[in-house]
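Trainee:
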Amino acid sequence: MLMHQSSGPDGAIPEQDDGATPSSPPTPGQSIDESFKERARQILAHGQTVTAGSVHLIGLDEIRNELGDRWGSVNERVHVYTERMLKKVLSPRDVWFRYGENHYIIVFAQADRKSAQLTCSKVMESLHQALLGHADTRRITVKTAVVDVGGGVALDTARLADLLKDAAHKPEGAAPAAPLPAVPLPAAPLPAYGAVPTAEARRPHWPEMPTDTVTLQLRPKVLFRPVFDVKHKVVSTYCCRTDVDTTRYLNLMDAFDPEREEAVFDLDRETLSLAVSTYNELYANKFRYAQTIPVHFGTLASSRRRREYIQACRMIPRVLMPFLAFELDGLPASVPYGRLAEIVAMLRPFARAAMVILHDDAGDLSVYATAGVKGVGLRLDGREDEPHILERLQTFCPGPRKFGMFAYVDGVRNPVELEAAEAAGAAYLSGPIIGEDSEVPEHMKRCTERQLLQRSRRRRHDMPWD
Numbered sequence: 002m003l004m005h006q007s008s009g010p011d012g013a014i015p016e017q018d019d020g021a022t023p024s025s026p027p028t029p030g031q032s033i034d035e036s037f038k039e040r041a042r043q044i045l046a047h048g049q050t051v052t053a054g055s056v057h058l059i060g061l062d063e064i065r066n067e068l069g070d071r072w073g074s075v076n077e078r079v080h081v082y083t084e085r086m087l088k089k090v091l092s093p094r095d096v097w098f099r100y101g102e103n104h105y106i107i108v109f110a111q112a113d114r115k116s117a118q119l120t121c122s123k124v125m126e127s128l129h130q131a132l133l134g135h136a137d138t139r140r141i142t143v144k145t146a147v148v149d150v151g152g153g154v155a156l157d158t159a160r161l162a163d164l165l166k167d168a169a170h171k172p173e174g175a176a177p178a179a180p181l182p183a184v185p186l187p188a189a190p191l192p193a194y195g196a197v198p199t200a201e202a203r204r205p206h207w208p209e210m211p212t213d214t215v216t217l218q219l220r221p222k223v224l225f226r227p228v229f230d231v232k233h234k235v236v237s238t239y240c241c242r243t244d245v246d247t248t249r250y251l252n253l254m255d256a257f258d259p260e261r262e263e264a265v266f267d268l269d270r271e272t273l274s275l276a277v278s279t280y281n282e283l284y285a286n287k288f289r290y291a292q293t294i295p296v297h298f299g300t301l302a303s304s305r306r307r308r309e310y311i312q313a314c315r316m317i318p319r320v321l322m323p324f325l326a327f328e329l330d331g332l333p334a335s336v337p338y339g340r341l342a343e344i345v346a347m348l349r350p351f352a353r354a355a356m357v358i359l360h361d362d363a364g365d366l367s368v369y370a371t372a373g374v375k376g377v378g379l380r381l382d383g384r385e386d387e388p389h390i391l392e393r394l395q396t397f398c399p400g401p402r403k404f405g406m407f408a409y410v411d412g413v414r415n416p417v418e419l420e421a422a423e424a425a426g427a428a429y430l431s432g433p434i435i436g437e438d439s440e441v442p443e444h445m446k447r448c449t450e451r452q453l454l455q456r457s458r459r460r461r462h463d464m465p466w467d
């Protein structure tokens, strides 16, 4: 059965029968290369004009070998993670399906051969990085079915290291490679590559952040914001925050628009993926810090989205879980205890704590504490006048402590707000005066409030941190 990468209305992958069995493994005595060539020949001989060099094979053999005995217990989760990434990266017109036990065939609708190879290889690099903590670009390969002079099918094997080298040496401003010639094929029924399920048609395309066809870019963009520990006078925690363009895009959408819900869901999955893959790499280099991962209530309130998100959480390496905390955003003011307790219980196996961030002062703190929430934060709006902000800080911060939770404040912008938040009892602070958002976390910094203010003044004068 040939599978489009697009998701159906219930989140499942729609399937269409093309009369073959592409998910069948190679026959006994037949290598995966021989089997792939045969399957590629069937695809290229199927009923529409398919561009030569558009059929590719990627495999999980290297990941399986490195995981060793653990593979038997985690292989299905690895496949779920792989398929989620393919759905996210490929266009609605591209087609992919699982082939045999550890391989996938991808058929690109438009990308030229080099761009398609690079995309496949970068998918594999991301998988290696997320699942193993490293990625050897010399060992990551992608096989491409090409039509030889005699009309048969041959294989071209490309290494990611070579593809990256070629891309780096491509002259700046050079025109993209011309597409390979199309091979005219006899008429026969084949699932239309352009067919997009209704649910996929509603998904946002993030028009302000286009994807580069040479370098695979993850979108929307997520940054790391430093957090100041008031008691211990140290910056050793980072929370994930969206960049300005992503925030602006979401703010322009109607709050009740189903497309916005899908955009927020994509943002939550991307945030989780980036936070875990970044920490995985830094952990391998003996770098430790606390990491807060935001997730919206709408993501966990939908059964389909919740199922996919929790499935992604199961891919978090166990060694990272003691350093992670989830931050629930967009929680309704009157959320029932049972619903919140269920959400906290679902997240608890994957992190040390669950917290709640509020955009206003509404929230039933007794319900939060009883449901197992460890901390409650207040996000300041920089457009408010200072007296109002100070009043909110004085009112909010003592509340969580009364119920055994800690209070934190996001969006602290000046010395007056910093002093007021500390005086009111905030345990953690973040915002422009603490430090700017960055693409990767930095090493732990011990500093006093006075040093924070000095560094803030330097940044305003375009001076680097010491």
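Per my numbering: the sequence shown = residues 2 to 467. Beta carbons are placed, not taken as given, at the ideal position from N, Cα and C, and that holds for glycine.
Please report the distance separating the alpha-carbon of S367 from that of E343.
Mentor: If you number the sequence shown from 1, residue 367 lands on position 366. If you number the sequence shown from 1, residue 343 lands on position 342. Going from the Cα of S367 to the Cα of E343 covers about 16 Å.
Trainee: Under the three-state reduction of DSSP, which class applies to D267: helix, strand or coil?
Mentor: One-based indexing of the sequence shown puts residue 267 at position 266. Three-state DSSP puts D267 in a helix.
Trainee: Please classify F98: does DSSP put it in a helix, a strand, or coil?
Mentor: For the purposes of this step, residue 98 is identified with residue 97 of the sequence shown, where counting begins at 1. F98: strand per DSSP, three-state reduction.
Trainee: Are A410 and A422 touching if we call contact CB-CB under 8 Å?
Mentor: Start at 1 with the first residue of the sequence shown, and residue 410 comes out as number 409. Start at 1 with the first residue of the sequence shown, and residue 422 comes out as number 421. First, the amino acid is wrong: residue 410 is Val here, not Ala. Closer than 8 Å, so yes.
Trainee: When you compare only the Cα positions, how much space is there between G373 and A355?
Mentor: Working through the sequence shown from its first residue, we reach residue 373 at position 372. Working through the sequence shown from its first residue, we reach residue 355 at position 354. If I take the Cα positions, the gap works out to 8 Å.
Trainee: Would you check if the region 56–63 and the region 296–304 touch, i.e. whether three or more CB-CB distances between them fall below 8 Å?
Mentor: No: fewer than three Cβ pairs fall under 8 Å.
Trainee: Under a Cβ-count criterion, where at least 16 other Cβ atoms within 10 Å of its own Cβ denotes burial, should P401 be classed as buried or exposed?
Mentor: For the purposes of this step, residue 401 is taken as the residue at position 400 of the sequence shown. Looking at its Cβ environment, which holds 16 or more other Cβ atoms inside 10 Å, P401 is buried.
Trainee: If you reduce the DSSP assignment to three classes, tell me which class E328 lands in.
Mentor: For this step, residue 328 is matched to residue 327 along the sequence shown. In this structure, E328 counts as strand in the three-state DSSP scheme.
Trainee: Pull up the distance between the alpha-carbon of K144 and that of R270, whole angstroms please.
Mentor: Taking the first residue of the sequence shown as position 1, residue 144 is located at position 143. Taking the first residue of the sequence shown as position 1, residue 270 is located at position 269. Using only the alpha carbons, I get a separation of about 29 Å.
Trainee: I need the straight-line Cα distance from L68 to L379, nearest angstrom please.
Mentor: Along the sequence shown, one-based indexing puts residue 68 at 67. Along the sequence shown, one-based indexing puts residue 379 at 378. If I take the Cα positions, the gap works out to 42 Å.
Trainee: Helix, strand or coil for Y429? Go by DSSP, reduced to three states.
Mentor: Counting from one through the sequence shown, the residue named residue 429 turns up at place 428. Reduced to three states, the DSSP call for Y429 is strand.
Trainee: Quick check: the Cα distance between G73 and L275, rounded to an integer number of angstroms?
Mentor: Locating residue 73 in the sequence shown gives position 72, counting from the first residue. Locating residue 275 in the sequence shown gives position 274, counting from the first residue. Rounded to the nearest angstrom, the two C-alpha atoms are 26 Å apart.
Trainee: Could you check the C-alpha separation between C240 and G101 for me, to the nearest Å?
Mentor: Walking along the sequence shown from the start, residue 240 turns up at place 239. Walking along the sequence shown from the start, residue 101 turns up at place 100. Approximately 40 Å between the Cα atoms of the pair.
Trainee: Use the C-beta contact count for R456: other C-beta atoms within 10 angstroms, 16 or more gives buried, fewer gives exposed.
Mentor: Your numbering for residue 456 matches position 455 in the sequence shown. Buried.
Trainee: So within the region 66–112, which uninterrupted alpha helix (DSSP H) runs reach at least 4 residues, ignoring any that extend past its ends?
Mentor: Segments of the alpha helix (DSSP H) lying fully in the region 66–112: 72–90.
Trainee: On a CA-only basis, which of S36, D163, Q452 is nearest V235? Give me that one, please.
Mentor: Looking up residue 235 in the sequence shown gives position 234. The candidate whose alpha carbon is nearest that of V235 is Q452.
Trainee: Find out if the Cβ-Cβ distance for the pair M86, S116 is shorter than 8 Å.
Mentor: To locate residue 86, count along the sequence shown from 1; it is residue 85. To locate residue 116, count along the sequence shown from 1; it is residue 115. Taking 8 Å as the Cβ cut-off, M86 and S116 do not qualify as a contacting pair.
Trainee: For R289, which of R65, C314, V320 has the nearest alpha-carbon?
Mentor: Walking along the sequence shown from the start, residue 289 turns up at place 288. Looking at the Cα atoms, V320 is the closest of the given residues.
Trainee: What alpha helix (DSSP H) runs, 4 residues minimum, are completely inside the region 224–305?
Mentor: List check, alpha helix (DSSP H) in window: 245–252, 259–285, 298–302.
Trainee: Indicate whether I64 and V81 have their beta-carbon atoms separated by less than 8 Å.
Mentor: Taking the first residue of the sequence shown as 1, we reach residue 64 at position 63. Taking the first residue of the sequence shown as 1, we reach residue 81 at position 80. No.
Trainee: Within 10 Å of its beta-carbon, does A193 have 16 or more other beta-carbons around it, so buried, or fewer, so exposed?
Mentor: Within the sequence shown, the letter at position 192 stands for residue 193. Note that A193 scores a pLDDT of 29, beneath 50, so its modelled location is shaky and nothing firm can be said.
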